[in-house]
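Notes follow the structure.
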Amino acid sequence: MDRLEKAFELMKKGHRVNEIAQSLNLSPEETEILLLSGKIKEISVPDFSKKDKKKIWNEISKQFSTRKALSFKARLVLGLASLLIVSTTVIGAASVNSLPDSPLYNLKTAYLKLVEKVAYGSSYHKKLIKRQIMEYGMALKSHQEKKDYEAIKAIKQKLEKSKRSLKLLEKAKTRRGMPPLKDNRLKRPVNKKIPKIHKPSTTQTPENNLNNRPAGNEEKELNFRNKKQTGNSNNKF
Amino acid sequence: MKELEEIIEKAKNSKKYFEKLYQETFEMAARYFGARVRNKADVEDLLQEFYLKLYRSLKNYTEMGSFYAFFYSTARSVYLDFLRKRDFEVSYEDLSYIPDSRNGFEVSENKIDVENALTKLKEDEREIILLYFYDGLKNEEIAEIMGISLENVKIKKHRALKKLRSILENHG
Chain X
18 MDRLEKAFEL MKKGHRVNEI AQSLNLSPEE TEILLLSGKI KEISVPDFSK KDKKKIWNEI
78 SKQFSTRKAL SFKARLVLGL ASLLIVSTTV IGAASVNSLP DSPLYNLKTA YLKLVEKVAY
138 GSSYHKKLIK RQIMEYGMAL KSHQEKKDYE AIKAIKQKLE KSKRSLKLLE KAKTRRGMPP
198 LKDNRLKRPV NKKIPKIHKP STTQTPENNL NNRPAGNEEK ELNFRNKKQT GNSNNKF
Chain V
763 MKELEEIIEK AKNSKKYFEK LYQETFEMAA RYFGARVRNK ADVEDLLQEF YLKLYRSLKN
823 YTEMGSFYAF FYSTARSVYL DFLRKRDFEV SYEDLSYIPD SRNGFEVSEN KIDVENALTK
883 LKEDEREIIL LYFYDGLKNE EIAEIMGISL ENVKIKKHRA LKKLRSILEN HG
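These protein sequence lines map, in sequence, to chains X and V. Residues 18 to 254 in this note's numbering are what the first sequence spells out, letter by letter. Residues 763 to 934 in this note's numbering are what the second sequence spells out, letter by letter.
So this is what it looks like as structure tokens:
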């Protein structure tokens, strides 16, 4: 094999086959192989003129501007942005129909909170809350069937909260340019003091005479009367 | 060679020098693709694809390696992509139809026999034969391009030549 290799190298340098065969003392088989390898060099290929060459170059240079390779940084940013968009879409699509008792619901809640912040106050925000109310309703039904009282209590609270948010959004619509009203009910301190029983006065005065009260306060009157009746049996009127 | 190295270095950042590199290496690339893909239109497409790829990957070429190994590795990858696009359904036999003068080929009976015989070889055997005898590369460069050992290149080359000889004897 080494002899043939030497022969090939000599042939590449331009030596004739007969000379090489003689100098290296090649066998007839080896000489034939050497002759054959010489023919391989002569196989025909398509011919390209100067015009063809220029035409090909023009096509190549056109594509330089259209097919600009992106730098590593650009590819990294593009890749991360694509990944973010795809993962958000996938998470959204996967969790959008999950109910509160589904394991995907936490993911959905986080996703919806993000959307809420972005779409705050818009009609899309209202749609989201309405959908939330509907889902809480469905979850409540299923927990009522299962008689899971703790879950029922938790879902009811969430449902009430969503309904209040929707009411606030609807009220805020009428208050243009102003931020929606804050619902501070849950933040109000619980009044643990027992109120003192109010002792009505035994004498009738123009202020406490029911007949002198101005029109339009019938409801308040009824409440006042009821209070008086329960509070004191000595009420003369 | 020094002049070529200077052009290569400048061509990494300059289209003007890349065009010079194109002028210097066009014959090599045309011979490479012409010997493997016998249709002139396909060879033109491959040449375009090859030079675009070379332009993009030239920044990765360092003077430590052989430029010819780099050049032919890039050409081979473009050629293999071309074969893959055709799903390897089209064999070398189909690609290398008998050439005639209408297609810009010079015709000779002896050459046709060798070209036909080459179609009967395996792809890697044919590639080694063409790279060594037709493109004039060294065994070491072929080993780098094909990703095989030097010894393997020599063994495959000898086997392929023996096969070629027996094919020509049987059909001759």
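Each residue gets a CB set at the ideal place from its N, CA and C atoms; glycine is no exception.
Simplified DSSP assignment, three categories, for residue i
{"i": "S54 (chain X)", "result": "helix"}
{"i": "K900 (chain V)", "result": "coil"}
{"i": "D807 (chain V)", "result": "helix"}
{"i": "L65 (chain X)", "result": "Here residue 65 (chain X) turns out to be Phe, not Leu, going by the sequence shown. Here F65 (chain X) sits in coil by DSSP."}
{"i": "E59 (chain X)", "result": "coil"}
{"i": "K815 (chain V)", "result": "helix"}
{"i": "K180 (chain X)", "result": "helix"}
Residue i: first and last residue of the uninterrupted alpha helix (DSSP H) it sits in
{"i": "I910 (chain V)", "result": "Careful: I910 (chain V) lies outside any alpha helix (DSSP H) and carries neither H nor E."}
{"i": "E771 (chain V)", "result": "764 to 773"}
{"i": "H32 (chain X)", "result": "Per DSSP, H32 (chain X) belongs to no alpha helix (DSSP H) and is neither H nor E."}
{"i": "E889 (chain V)", "result": "885 to 891"}
{"i": "T824 (chain V)", "result": "Segment: none, T824 (chain V) is in no alpha helix (DSSP H) and carries neither H nor E."}
{"i": "L157 (chain X)", "result": "140 to 163"}
{"i": "Y794 (chain V)", "result": "777 to 798"}
Beta carbon proximity, residue i to chain X, threshold 8 Å
{"i": "F833 (chain V)", "result": "no"}
{"i": "Y779 (chain V)", "result": "no"}
{"i": "L883 (chain V)", "result": "no"}
{"i": "V840 (chain V)", "result": "no"}
{"i": "I770 (chain V)", "result": "no"}
{"i": "K918 (chain V)", "result": "no"}
{"i": "Y830 (chain V)", "result": "no"}
{"i": "Y823 (chain V)", "result": "no"}
{"i": "K815 (chain V)", "result": "no"}
{"i": "K774 (chain V)", "result": "no"}
{"i": "E906 (chain V)", "result": "no"}
{"i": "N865 (chain V)", "result": "Annotation note: pLDDT 45 at N865 (chain V) (below 50); position unreliable, no value reported."}
Burial state of residue i (16 or more Cβ within 10 Å)
{"i": "L100 (chain X)", "result": "exposed"}
{"i": "G796 (chain V)", "result": "buried"}
{"i": "M151 (chain X)", "result": "exposed"}
{"i": "L883 (chain V)", "result": "buried"}
{"i": "R800 (chain V)", "result": "buried"}
{"i": "A24 (chain X)", "result": "buried"}
{"i": "Q149 (chain X)", "result": "buried"}
{"i": "R888 (chain V)", "result": "buried"}
{"i": "L899 (chain V)", "result": "buried"}
Residue-level contact to chain V via CB, residue i, 8 Å cutoff
{"i": "I37 (chain X)", "result": "no"}
{"i": "S44 (chain X)", "result": "no"}
{"i": "S54 (chain X)", "result": "yes"}
{"i": "K68 (chain X)", "result": "no"}
{"i": "F65 (chain X)", "result": "yes"}
{"i": "E76 (chain X)", "result": "yes"}
Which listed residue (the options) has its alpha carbon closest to that of residue i
{"i": "K924 (chain V)", "options": "V:A905, V:A803, V:L880", "result": "V:L880"}
{"i": "K782 (chain V)", "options": "V:E768, V:Y794, V:R793, V:A792", "result": "V:E768"}
{"i": "W74 (chain X)", "options": "V:F812, V:D843, V:G909, V:L892", "result": "V:F812"}
{"i": "S104 (chain X)", "options": "X:R92, X:K130, X:D165, X:L124", "result": "X:L124"}
{"i": "L930 (chain V)", "options": "X:S40, X:K56, X:A38", "result": "X:K56"}
{"i": "N878 (chain V)", "options": "V:R927, V:Q810, V:A773", "result": "V:R927"}
{"i": "E46 (chain X)", "options": "X:R20, X:E59, X:K67, X:K70", "result": "X:R20"}
{"i": "S839 (chain V)", "options": "V:L816, V:I910, V:V915", "result": "V:L816"}
{"i": "I910 (chain V)", "options": "V:R921, V:I890, V:Y896", "result": "V:I890"}
{"i": "Q80 (chain X)", "options": "V:N822, V:S828, V:T836, V:Q810", "result": "V:Q810"}
{"i": "R818 (chain V)", "options": "X:S78, X:D69, X:K72, X:K70", "result": "X:S78"}
{"i": "A171 (chain X)", "options": "X:K30, X:G154, X:L185", "result": "X:G154"}
Proximity test, residue i beta-carbon vs the ligand COA heavy atom, cut-off 7 Å
{"i": "N75 (chain X)", "result": "In the structure on display, the ligand COA does not appear, and there are no ligands present to speak of."}
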